[in-house]
Amino acid sequence: AQSVAQPEDQVNVAEGNPLTVKCTYSVSGNPYLFWYVQYPNRGLQFLLKYITGDNLVKGSYGFEAEFNKSQTSFHLKKPSALVSDSALYFCAVRALMNTGFQKLVFGTGTRLLVSP
Amino acid sequence: GAVVSQHPSWVICKSGTSVKIECRSLDFQATTMFWYRQFPKQSLMLMATSNEGSKATYEQGVEKDKFLINHASLTLSTLTVTSAHPEDSSFYICSARVLGTSFYEQYFGPGTRLTVT
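So the sequences go chain by chain: A and B.
For reference, each letter of the first sequence is one residue, going 472 to 587 in the numbering used here.
For reference, each letter of the second sequence is one residue, going 24 to 140 in the numbering used here.
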């Protein structure tokens, strides 16, 4: 079964420093991978996706993610963190059912805290 | 951008009673809506998918008679937790998708926290 793991409950980083939020995946076949962000009292928002192509994908708010097939990872990165990046981040993978239905399977989420 | 609201944002109910959660797409028509549940320290788990005017499709292990989903219009879906028990206490999140968009292009509501006492 498709799954993703986010090994860190929380990541702390100082403003201006680079940040990484980790995600590893387990899928059969080619992975479709996603990152979503949830700001306080808001719904999840789509950040970026990897389906095919370049291993480094760029998304909203200056975020990027690197797809690494050998390490089965899809870590979220940003070169310089902002205090406003503090939020809950979810990694997700596509699960393709026998019926052709596609759904998202989410990780447990990682809370990012960026200190001034 | 597209906005999805949920009401109420939190609710406390007594064991054995039913509670209804509303999910509305405020500025677009949602042909498909999804209901997720999230327990503390756990992933969002898809409970069911509903298309406007059709019966909901439930994920394996989700009780249809306990979690009633109605998607009667293109802007409103409701989740009714019937005969609630303390183990139903959770964070319920809905999302909505527009016809013709990819499955991952979902707009999520802010969630409803249900506590059953």
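All residues carry an ideal CB built from backbone N, CA and C; glycine is no exception.
Original post:
What whole-angstrom Cβ distance do TYR521 of chain A and PHE545 of chain A have, given they're in contact under 8 angstroms?
Top reply: For the purposes of this step, residue 521 of chain A is taken as residue 50 along the first sequence, with counting starting at 1. For the purposes of this step, residue 545 of chain A is taken as residue 74 along the first sequence, with counting starting at 1. In this structure TYR521 of chain A touches PHE545 of chain A by the C-beta definition: roughly 6 angstroms separates them, less than 8 angstroms.
Subject >> Inter-residue spacing [alpha-carbon to alpha-carbon] between LEU91 of chain B and PHE62 of chain B >> reply: Stepping through the second sequence from its first residue, residue 91 of chain B is reached at position 68. Stepping through the second sequence from its first residue, residue 62 of chain B is reached at position 39. Their backbone Cα atoms lie some 19 angstroms apart in a straight line.
Original post:
Going along chain A in order, which residues have a C-beta closer than 7 angstroms to the C-beta of LYS78 of chain B?
Top reply: Residue 78 of chain B sits at position 55 when you count from the first residue of the second sequence. Correct list: empty, because the minimum Cβ distance to chain A is about 15 angstroms.
Original post:
What is the C-beta distance between ASN512 of chain A and PRO133 of chain B, in whole angstroms, given that I count them as a contact (C-beta under 8 angstroms)?
Top reply: Mapped onto the first sequence, residue 512 of chain A falls at position 41. Mapped onto the second sequence, residue 133 of chain B falls at position 110. 6 angstroms between Cβ atoms; contact.
Original post:
Closest Cβ-Cβ distance between THR579 of chain A and chain B: below 7 angstroms?
Top reply: Position 108 of the first sequence holds residue 579 of chain A. Yes - at least one Cβ of chain B is within 7 angstroms of the one on THR579 of chain A.
Original post:
Three or more beta-carbon pairs under 8 angstroms between the segment 111-119 of chain B and the segment 80-88 of chain B, yes or no?
Top reply: no
**OP:** Kindly indicate which three-state DSSP category VAL585 of chain A falls into: helix, strand or coil?
**Re:** Numbered from its first residue, the first sequence carries residue 585 of chain A at position 114. Correct three-state label for VAL585 of chain A: strand.
Original post:
Would a check of beta-carbon distances place TYR127 of chain B closer than 7 angstroms to chain A?
Top reply: Residue mapping note: residue 127 of chain B aligns to position 104 of the second sequence, counting from 1. With its beta carbon less than 7 angstroms from one in chain A, TYR127 of chain B belongs to the interface.
Original post:
Is any beta-carbon of chain A found at less than 7 angstroms from that of PRO133 of chain B?
Top reply: Position 110 of the second sequence, counting from 1, holds the residue named residue 133 of chain B. Yes, its Cβ sits closer than 7 angstroms to a Cβ of chain A.
Subject >> Beta-carbon proximity of LEU102 of chain B to TRP58 of chain B, cut-off 7 angstroms >> reply: Taking the second sequence and counting its residues from 1, one reaches residue 102 of chain B at position 79. Taking the second sequence and counting its residues from 1, one reaches residue 58 of chain B at position 35. Taking 7 angstroms as the Cβ cut-off, LEU102 of chain B and TRP58 of chain B qualify as a contacting pair.
**OP:** Flag this pair as yes or no: are the beta carbons of ASP556 of chain A and VAL528 of chain A separated by less than 7 angstroms?
**Re:** Stepping through the first sequence from its first residue, residue 556 of chain A is reached at position 85. Stepping through the first sequence from its first residue, residue 528 of chain A is reached at position 57. Going by C-beta atoms, ASP556 of chain A is not nearer than 7 angstroms to VAL528 of chain A.
Original post:
Thinking just about the alpha-carbon of each residue, which of B:PHE126, B:ALA53, B:THR72 and B:LEU49 is nearest to the one in ARG60 of chain B?
Top reply: Translated into positions along the second sequence, residue 60 of chain B becomes position 37. Considering only alpha carbons, the answer is B:THR72.
**OP:** Determine the DSSP secondary structure at VAL554 of chain A, reduced to helix, strand or coil.
**Re:** Position 83 of the first sequence, counting from 1, holds the residue named residue 554 of chain A. Judged by DSSP in its simplified three-state form, VAL554 of chain A adopts helix.
Original post:
Can ASN93 of chain B be considered in contact with the ligand ADP, in the sense that its beta carbon sits closer than 6 angstroms to one or more heavy atoms?
Top reply: For the ligand ADP, the structure offers nothing, since it holds no ligand at all.
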